[in-house]
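So the sequence shown is residues 211 to 450, counted in this note's numbering.
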Amino acid sequence: MRVAILSDIHGNRRAFEAVVADLRQVAPDVVVHGGDLAAGGAHPAEIIDQVRSLGWPGVRGNTDEMLWAPERLAEYAAKNPKVAPILAMVQETIRPTLASVGEKRLRWLEGLPALYSQPGFSLVHASPDNCWRAPLPNASDAELQSTYASLRAPVVVYGHIHIPYIRRVQGMTVANTGSVSQSYDGDTRASYLVIEGESITIRRVEYDVESEAKELLRSGLPHAHWLSGILLAGKYCPPE
């Protein structure tokens, strides 16, 4: 069976549509999403509607969760003072995103599970017990084991960090999807994974980044200049 797993769309319509077009060529049997569907882009409601209409199963991400439980964002900021100023900026995007998403879509997001499992793989947004914290690509084998071994899956997939990678760790494969939007690895293209048997492939998909960045700037979303800069750079850029 061929499975495609994508994550972190962040309201980016052009990147999402490019990935959907690429999926038509890949022709997976199943497509699964790893959450973070709406917040941080110009088209939060549209992305939710399209994912729902496609019938893709998936899991909730931290920026999905913060829309109905903003206190989780505050709790994470309190425990991570170094990133608290950035999280305060993210918090300012919640109200306009909620206004776009509306109550029915919000309730759908809230109903997404934290874990999706099928024979052969398990998917979480970040970690099994915390959708706000996840290992980085340079994490030790011990950290990956302690984070994901409890899932008892031969392949564990997660998103969140916006950097795709594949690691084999003591009988388990850990793979990150990268992100459809706001890549952090220096490559502006959208990223997702394809699993087929024992093969795992990272796919990169070009899209019109400049047009999406311009539309984000026109959207009126707070801190759109910072977010559009990440799109254009293909890596995380600290706010000025």
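Glycine included, C-beta positions come from ideal geometry on N, C-alpha and C.
Quick caveat, the model's predicted, so the values are computed rather than measured.
Cα separation between residue i and residue j?
i      : j      : result
Glu408 : Val379 : 14 Å
Val404 : Pro306 : 34 Å
Glu281 : Ile215 : 29 Å
Tyr358 : Met382 : 9 Å
Pro449 : His435 : 9 Å
Leu322 : Gln260 : 15 Å
Val365 : Ser389 : 18 Å
Ser337 : Gly430 : 32 Å
Tyr394 : Glu313 : 31 Å
Glu320 : His243 : 15 Å
Arg262 : Val229 : 16 Å
Ala349 : Tyr402 : 20 Å
Ser360 : Asn386 : 17 Å
Lys292 : His433 : 19 Å
Ile296 : Lys289 : 13 Å
Pro238 : Ala400 : 17 Å
Asp232 : Val367 : 20 Å
Ser421 : Ile258 : 21 Å
Arg428 : Trp318 : 27 Å
Thr273 : Arg223 : 17 Å
Ala294 : Arg234 : 40 Å
Are residue i and residue j close, meaning C-beta to C-beta below 9 Å?
i      : j      : result
Asp218 : Gly369 : yes
Arg377 : Asp351 : yes
His472 : Tyr446 : Because the chain spans 211 through 450 in this model, residue 472 falls outside it and cannot be assessed.
Gly250 : Gly268 : no
Val419 : Leu441 : yes
Pro254 : Val311 : yes
Gly396 : Ala324 : no
Ile304 : Leu277 : yes
Gln301 : Leu316 : no
Ala309 : Ala298 : no
Tyr417 : Glu227 : yes
Ser391 : Ala225 : yes
Ala252 : Glu406 : no
Can you list, in chain order, the residues of its chain with a C-beta nearer than 7 Å to that of residue i? Leave out the 5 residues immediately preceding and following it.
i      : result
Leu354 : Pro345, Arg377, Val379 and Val384
Trp266 : Val241, Val242 and His243
Starting from the C-beta of residue i, find all residues in its chain whose C-beta is less than 6 Å away, skip the five residues before and the five after it, and write them out in chain order.
i      : result
Val240 : Val213
Pro347 : Ile373 and Tyr375
Ala423 : Ser438, Leu441 and Leu442
Thr411 : Val404
Thr398 : Val419 and Gly444
Indicate the three-state DSSP secondary structure (helix, strand or coil) for residue i in the structure shown.
i      : result
Tyr446 : coil
Arg307 : The amino acid at residue 307 is misidentified as Arg; the sequence shows Thr. Note: Thr307 maps to helix in three-state DSSP.
Ser409 : strand
Met382 : strand
Ala249 : coil
Gly439 : helix
Ala214 : strand
Ser389 : coil
Val269 : coil
Ile376 : strand
Ala288 : helix
Leu297 : helix
Arg399 : coil
Arg234 : helix
Which residues in the same chain as residue i place their Cβ atom closer than 8 Å to its Cβ, once the five residues preceding and following it in sequence are excluded?
i      : result
Ala363 : Ser327, Gly330, Phe331, Ser332 and Met382
Val236 : Arg212, Ala214, Val404 and Arg413
Gly271 : Ser217, Asp218, Gly244, Gly245, Asp246, Leu247, His335, Ala336, Cys341, Gly369 and His370
- Complete runs of the alpha helix (DSSP H) confined to the region 325-358 [at least 4 residues]: 351-358
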